[in-house]
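>
Number of protein chains: 2
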Amino acid sequence: MSMKNNKLVLADRPNPSISADIFQLAEEQVTPLSDGQFLIKNHYLSVDPAMRGWVTDMPNYIPPVEIGAVMRSFAVGEVVESKHPDYTVGEFVYGLFGWQEFAVSDGSDIERKVNPSDGPLSINLHVLGMTGATAWFGLTEIGDPQEGETVVVSTAAGAVGSMVGQIAKARGCRTVGITGSDEKARRCLEEFGYDAVLNYKTATDLVGDLVKACPDGVDVYFDNVSGPITDAVMSLFNIGARMTICGVIGIAPDQVNGPRVSRTMLVKRARMQGFLIFDHMHRLSEAVSGLQPLYQAGKLSFSEEIFEGLSSAPKGLESLLAGTNQGKVIVRL
Amino acid sequence: MSMKNNKLVLADRPNPSISADIFQLAEEQVTPLSDGQFLIKNHYLSVDPAMRGWVTDMPNYIPPVEIGAVMRSFAVGEVVESKHPDYTVGEFVYGLFGWQEFAVSDGSDIERKVNPSDGPLSINLHVLGMTGATAWFGLTEIGDPQEGETVVVSTAAGAVGSMVGQIAKARGCRTVGITGSDEKARRCLEEFGYDAVLNYKTATDLVGDLVKACPDGVDVYFDNVSGPITDAVMSLFNIGARMTICGVIGIAPDQVNGPRVSRTMLVKRARMQGFLIFDHMHRLSEAVSGLQPLYQAGKLSFSEEIFEGLSSAPKGLESLLAGTNQGKVIVRL
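Quick mapping for you: the protein sequence lines, in order, are chains A and B.
FYI, in the UniProt record's numbering the residues of the first sequence are 1 to 333.
FYI, in the UniProt record's numbering the residues of the second sequence are 1 to 333.
Encoded structure:
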């Protein structure tokens, strides 16, 4: 049997920004399976902020995508052919299968088998995938929120932030979101159940607004931005506050310096810790065990912006990086 | 029985620096004991950096010493009279008894009973007291050093720092001290067993010197200073590094800003946590259980600078704050 695979390869490095034309469509024959291999037909591809780092050749936590190689991506696919004893035709799997129609696997790139009865297949890319696991481990293990505490989330309407807010809410916390548009602020309140929300772009007194939103101070801060927003949140830390550092996109080039944090950390006996989901993906099933009941109970709202067809993936990434997306960016094949 | 107590009271706030003359000698009659009380005769008084904060009226983790009140201080004393069922004449105790000859206690200010057979009484003020407990909990619980890891200590020759270095050494770590004089650097190597030491005052390339001293990077940093020294150490953090923030004396007034730490914390998945010993003093016996065997095995060198007589305590504090002391400052009564 001869089968064609269409894929998107990385043709260029960003110069300096990432545009759709650094990716190129390519076609190849699917190589016949060896023993111990199986063939995955991708149904949904993921588009994630982490791709910003993967396409550069800067030192990172994971090697860069090579020029000419298929773009790295999480995906949900179906086993359509198998010479592997543990994977059966008709099973669904989640893993780093790349921006392509088909992927040959030996099992080493499988994060977990997906249960189609858990909900729409696509949620395994976010609510029950890397996004959800980021929120789950970053919040519950580093933030360790307790009932009645106040949890602040930056990029509160984002794929990760909205999960963090909802998990914290389900644990009985007061949740306060910080976001960058009135539309996102509205979604924070109406869809993600935050108790209060701030638009940092229109705020004239961010600290004052935070004081009103957090009358009992801040116990847990899930930070996706760093920079001046984080300075403001830290000024409200309670004794014993915990902070998860999950992203640093808010450090503008002219803001690499800022207030030293040591005195606040000492006076408040606070803890901050950097979090990278790739250190924890081998425990994905553990996160899903925590997230799946919340999802079934209707406590994890989300929205998806679906791009149709493999060739639309680069546009999806552009949209995500520009912040014009409405929800988790997904490519449907 | 009428008995006189001599004490040092706080007569003035620092203006702005702390000098011996903000304290005043006073005499009083010891009030007769009520049921549930006992009388302590102090043998050794402690002089600690924390006193810098206690004599100001700035907001702090503990209320300021009131004007006219006896100066707050840890001390080791002997029970000389008792109407308390749990404290017997002849027993030795450690607690916040103040800069005075006698203290009446109801037991609430007792940190622990001291065993005179553990060594010289005075070590209960430092090696087996607050100093040792600071090093023990701050290093072992936040730093969590593992055999073979590299542990860096700032104010490496100080009362706390020297304990940290020796506990880490006893756990099989490579220990690197940062200190501010060649004499202290010599003591770090010869007395406290550091594997390498840096004098930050004479260093022309602190990061370069650290790279040489820490060929495998930095896994644990016990920080007593913050500021530029800490910036340098953090640049060598390994993935998963842990940092205990125990003091911030290195933040000069013109250095309240510095490099933002979030990116380093994220990329290195590092953890930093503020540590205040007063949160942990109720667990002092636990620290002593860890420290006492090390002391008995000769693995905890220390030096004391003894000031003779109650009236010398303010001079001892001046010496400590000026950094001219040689070892733990103690007042012998």
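Cβ coordinates follow ideal geometry from the N, Cα and C atoms, glycine included.
What you are looking at is a predicted structure, and each value in this text was computed from that prediction instead of being measured.
#1: When the cut-off is 8 Å and only beta carbons count, does B:P259 lie next to chain A?
#2: Using a Cβ-Cβ distance cut-off of 8 Å, determine whether B:L266 contacts chain A.
#3: Using beta-carbon positions only, say whether A:S262 and B:V248 come within less than 8 Å of one another.
#4: With a threshold of 16 other CB atoms inside 10 Å of the CB of B:T324, please say whether the residue is buried or exposed.
#5: Between the Cα of A:L310 and the Cα atoms of A:G298, A:A75, A:I18, which residue gives the shortest distance?
#6: Closest Cβ-Cβ distance between A:E131 and chain B: below 8 Å?
#7: Near B:L189, which residues of its chain fall below 6 Å by C-beta distance, leaving aside the five closest residues on each side in sequence?
#8: Please indicate yes or no: does the CB of A:V288 lie closer than 7 Å to some heavy atom of the ligand SAM?
#9: Using the Cα positions of A:Y94 and A:I306, report the straight-line distance between them to the nearest angstrom.
#10: Closest to A:Q29 by C-alpha separation, out of A:L321, A:F102, A:I123, A:L45, would be which residue?
#11: Mapping DSSP to helix, strand and coil, what is A:P116?
#12: Indicate whether at least one CB of chain B lies closer than 8 Å to the CB of A:M51.
#13: For A:D144, decide whether its Cβ has a neighbour in chain B, counting only Cβ atoms nearer than 8 Å.
#14: Can you look up A:Y61 in the DSSP assignment and give me helix, strand or coil?
#15: Considering only the beta carbon of each residue, do A:V9 and A:A50 sit closer than 8 Å?
#16: Secondary structure at B:E147, three-state DSSP: helix, strand or coil?
#17: Whether or not the stretch 257-274 of chain A and the stretch 219-239 of chain A are in contact is what I'm after, with contact meaning three or more pairs of Cβ atoms, one per stretch, closer than 8 Å; do they touch?
#18: To the nearest angstrom, report how far apart A:V176 and B:N60 are at their CA atoms.
#19: With 8 Å as the threshold, decide whether the Cβ of B:L276 is near any Cβ in chain A.
#20: Using the DSSP secondary-structure output, state which residues sit across from B:I110 in a beta bridge.
#21: Assign A:H43 to one of three DSSP states: helix, strand, or coil.
#22: In chain order, what residues of the stretch 215-249 of chain A put their CB closer than 8 Å to some CB of chain B?
#23: Between the stretch 199-219 of chain B and the stretch 98-113 of chain B, are three or more C-beta pairs nearer than 8 Å?
#24: How far does the beta strand (DSSP E) with B:V221 in it reach, from first residue to last?
#25: Using the beta-carbon of each residue, which ones in chain A are nearer than 9 Å to B:M272?
#26: For B:Q37 and B:S117, what's the separation of their Cα atoms in angstroms?
#27: Alpha helix (DSSP H) containing A:V267: first to last residue?
#28: Around the Cβ of A:F237, are there at least 16 other Cβ atoms within 10 angstroms (buried) or fewer (exposed)?
#29: Using three-state DSSP, classify B:S319 as helix, strand or coil.
#30: Looking at C-alpha atoms only, which residue of A:W54, A:P32, A:I67 is the closest neighbour of A:Q24?
#31: Pick helix, strand or coil for B:V211, following the three-state DSSP scheme.
#32: Excluding the five sequence neighbours on either side, which residues of its own chain have a C-beta within less than 6 Å of the C-beta of A:S46, listed in chain order?
#33: Report yes if the CB atom of B:E149 is closer than 8 Å to the CB atom of B:V220, and no otherwise.
#34: What are the boundary residues of the alpha helix (DSSP H) that A:A241 is part of?
#35: Identify which residue in A:M272, A:V233, A:G217 has its Cα closest to the Cα of B:R242.
#36: Relative to the C-alpha of B:C173, which residue among B:D182, B:A297, B:V151 is closest?
So, from the data block:
#1: yes
#2: yes
#3: yes
#4: exposed
#5: A:A75
#6: Looking at the sequence shown, residue 131 of chain A is not Glu but Thr. Taking Cβ atoms only, chain B never reaches closer than 8 Å to A:T131, which makes this a no.
#7: V197
#8: The ligand SAM is absent from the structure shown, which contains no ligands of any kind.
#9: 18 Å
#10: A:F102
#11: helix
#12: no
#13: no
#14: coil
#15: no
#16: coil
#17: yes
#18: 28 Å
#19: yes
#20: B:G95
#21: strand
#22: D223, S226, G227, T230, I245, C246, G247, V248
#23: no
#24: The residue asked about is misnamed: residue 221 of chain B is Tyr in this sequence, not Val. It spans 218-223 - the beta strand (DSSP E) in which B:Y221 sits, taken as one unbroken run.
#25: V261, S262, M265, A270, R271, M272, Q273
#26: 26 Å
#27: 262-267
#28: buried
#29: helix
#30: A:I67
#31: helix
#32: S73, F74, L125
#33: yes
#34: Careful: A:A241 lies outside any alpha helix (DSSP H), inside the beta strand (DSSP E) at 237-245.
#35: A:M272
#36: B:V151
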